[in-house]
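Take a look at the structure set out below.
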DNA sequence: GGCGTTGTATAGTTAATCTCTATCGCATTG
DNA sequence: CAATGCGATAGAGATTAACTATACAACGCC
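Protein chains in written order, with the numbering used here: chain A, 1 to 305; chain B, 1001 to 1305.
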């Protein structure tokens, strides 16, 4: 029993004439004849009474035809589902973002994606890189925004932008008069750091090897956020390093805080998109990339593909 | 897209492993692989993300699988319907009976058929032979009980029983002392006849050629029934001829009526079943035949097949 | 970092099936 | 009784579906 057989069956029930039914199905009369006979043999039921005068459907035949119509209807729904699902910009997209990007990117990203792909709602999760990677591989996320380096089997990454680091210090700090800060100076002041698990913490420590080795005065704030740290800096608890997108939006004449770049070569992080190689909705990812690049993130430099 | 493809699809969605899914479908892994790929091409949608680690279903894939399950479920119903409908003794049987048999046969027939085939309800229509024949050919009836001769293209008949004719006369009639009546005598008395269209009327006239030619005293009672005629005979309005099943059930010592056979050779009618050659439920017809033969119709002689 | 393992895709072949044209057989009709 | 209409059947050809064998990719393990 195939869907084709059922189509023949329904056509014959409608036409009550093998020739006409065959024509409607764009097949020859013998083809339809044989198919119906095969169906009857398979079901071990007489579906039609053939006579010279006309073709009559049996009681059981009528019931089976009604069921066959239901099957064909449901099968048609499959094609409709496929057509509707063909558009990579339709259907929800599960996006993951690391904590140190989310608060600065998402407010810009979400409306831009919605404008570009109105029928692609975003389901967003913020988390550590490691957790995002796990969810991505498991299929709980479709695409994630992380900082490089990020290497995972089965995952491809695409750099989107580079983002320089800034030094944040309270108003009245000794370095206030400096134009730019040398990375090596970081060990001299109490440096406020995010907790373990945040890749940005590691990247900052990378910038300041002395801090990493524990020679500096750094203090780790577990379970905190860049925003909390910023407030702490404002109260004079120490200095910190922020990505430009988090540091630069502040009005430069902020009463409590000063932002300074590093001296060249500026340390920076490279932010990338990552998804499973097998993920089929590449169009959706393109939309995300474009929306990120269209977002006004101060200080960032796009990475050409 | 075939039902087989959908079965593969559902299996793969369940197993999330091409090899295991193929095994469950009793096909080789490449067969299933190719089928899924063909489906994906046809629907122009990626249903699964294949990777070394595992097989993930896409969002659209999951929706299509759910729909495929629905299709397969409905398709399975077809087989169930066929199985249920395979029994010729299941489902209603549309039976037609001529007016001069129905009242005497049906009270016996119906309970016997119900006993033999409890899930085959009878839908019964009484009518003239010509009308029954029309309904039978149109498919409004499945089998009819008529008197022979009955020849119709596409219709087969099977004699069931022979039924002798009887003479019915009022008590005190001149022929009361006769053991048997000669057919030729019928022209001498007022003979009450059914209206045109009843085959039994013609058969009676056949018995008595003089009556047919209008030489007798016959009176036709249009729109009447054998029972009405019997009452009229009882009131002395004339005599009549009845089939034995209608005449003999009377207690012989009926105060108002006398029943006499004809002198040999007794005139009789041959009652038969008729159905379309193409009618598939021959088992149902066998049940009807058996039930008729098991009915206590006085005077009738079974006709061996 | 090469190598074995696991798992899917591809190639090539064979077998089944589907569909076609041509024709038969049956029944009705003029 | 020939003509016609219609479904069934036969035989050929083409398509498709299945198999086996093998390639290929990704990961894990010494």
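Glycine included, C-beta positions come from ideal geometry on N, C-alpha and C.
These numbers were taken from a predicted model, which means no experiment stands behind them.
Counting beta carbon pairs with one atom in the stretch 1192-1203 of chain B and one in the stretch 1098-1106 of chain B, are three or more of them shorter than 8 Å?
yes
Spatially closest choice to residue 1026 of chain B from B/1016, B/1040, B/1037 and B/1011, by CA coordinates
B/1011
Three or more C-beta pairs under 8 Å: does that hold for the stretch 261-270 of chain A against the stretch 221-231 of chain A?
no
At least 3 beta-carbon pairs within less than 8 Å: the stretch 68-87 of chain A vs the stretch 1118-1131 of chain B
no
Mind checking the stretch 1161-1184 of chain B against chain A and listing, in chain order, the residues whose C-beta falls within less than 8 Å of any C-beta there?
none
Tell me, to the nearest whole angstrom, how far the beta carbon of residue 233 of chain A is from that of residue 257 of chain A; I am working on the premise that it is less than 8 Å.
6 Å
Beta-carbon within less than 7 Å of residue 1071 of chain B's beta-carbon, same chain only, minus the 5 sequence neighbours each way: which residues are those?
1006
Looking only at its chain, what residues have a beta carbon closer than 8 Å to the beta carbon of residue 1255 of chain B, apart from the 5 residues adjacent to it on each side?
1171
For residue 93 of chain A, does the three-state DSSP call read helix, strand or coil?
strand
Assuming residue 1147 of chain B contacts residue 1271 of chain B (C-beta within less than 8 Å), just tell me the rounded distance between them.
6 Å
Entirely enclosed beta strand (DSSP E) segments - the stretch 182-257 of chain A, minimum 3 residues:
192-194, 219-221 and 240-243
Let me check one thing: in DSSP terms, what residues is residue 1168 of chain B bridge-paired to?
B/1240 and B/1259
So, for residue 297 of chain A: in the same chain, excluding its five sequence neighbours on each side, which residues have a beta-carbon less than 6 Å away from its beta-carbon?
245
Measuring straight from C-alpha to C-alpha, what distance separates residue 49 of chain A and residue 1278 of chain B?
5 Å
Can you list the alpha helix (DSSP H) stretches of 4 or more residues lying completely in the stretch 11-54 of chain A, in chain order?
18-24 and 29-43
Of all the CB atoms in chain A, is at least one closer than 8 Å to the CB of residue 1361 of chain B?
Only positions 1001 to 1305 of chain B appear in the structure, and residue 1361 of chain B is not among them; the question remains open.
Can you find the residues in the same chain that come closer than 7 Å, C-beta to C-beta, to residue 1024 of chain B, ignoring five residues on each side of it along the sequence?
1011 and 1015
Among A/150, A/47 and A/281, which has the Cα closest to the Cα of residue 142 of chain A?
A/281
Three-state secondary structure (DSSP) at residue 162 of chain A?
strand
Of the residues B/1124, B/1168, B/1145 and B/1009, the one placed nearest residue 1060 of chain B, counting alpha carbons only:
B/1009
From the DSSP output, which residues share a beta bridge with residue 1272 of chain B?
B/1146 and B/1159
Taking only beta-carbon atoms, is residue 1131 of chain B less than 8 Å away from chain A?
no
Which residues mark the beginning and the end of the alpha helix (DSSP H) in which residue 80 of chain A is found?
59-85
Name the chain B residues whose beta carbon is nearer than 7 Å to that of residue 56 of chain A?
1139
Taking 8 Å as the CB-CB limit, is residue 232 of chain A close to chain B?
no
Delimiting residues of the beta strand (DSSP E) encompassing residue 122 of chain A:
122-127
On a CA-only basis, which of B/1291, B/1302, B/1076 and B/1304 is nearest residue 1112 of chain B? Give me that one, please.
B/1291
I need the straight-line Cα distance from residue 1183 of chain B to residue 13 of chain A, nearest angstrom please.
54 Å
Given that a residue counts as buried once 16 or more other Cβ atoms are within 10 Å of its Cβ, and exposed if not, what is residue 1173 of chain B?
buried
Are residue 239 of chain A and residue 95 of chain A close, meaning C-beta to C-beta below 8 Å?
no
Any Cβ of chain A within less than 8 Å of the Cβ of residue 1001 of chain B?
yes
Can you tell me whether residue 295 of chain A is buried or exposed? The criterion is at least 16 other CB atoms within 10 Å of its CB, across all chains shown.
buried
For chain A, is any of its Cβ atoms less than 8 Å away from the one on residue 1068 of chain B?
yes
Return no unless some Cβ of chain A is closer than 8 Å to the Cβ of residue 1029 of chain B.
no
What residue range is occupied by the uninterrupted alpha helix (DSSP H) comprising residue 1285 of chain B?
1282-1294
What residue range does the alpha helix (DSSP H) around residue 113 of chain A cover?
102-116
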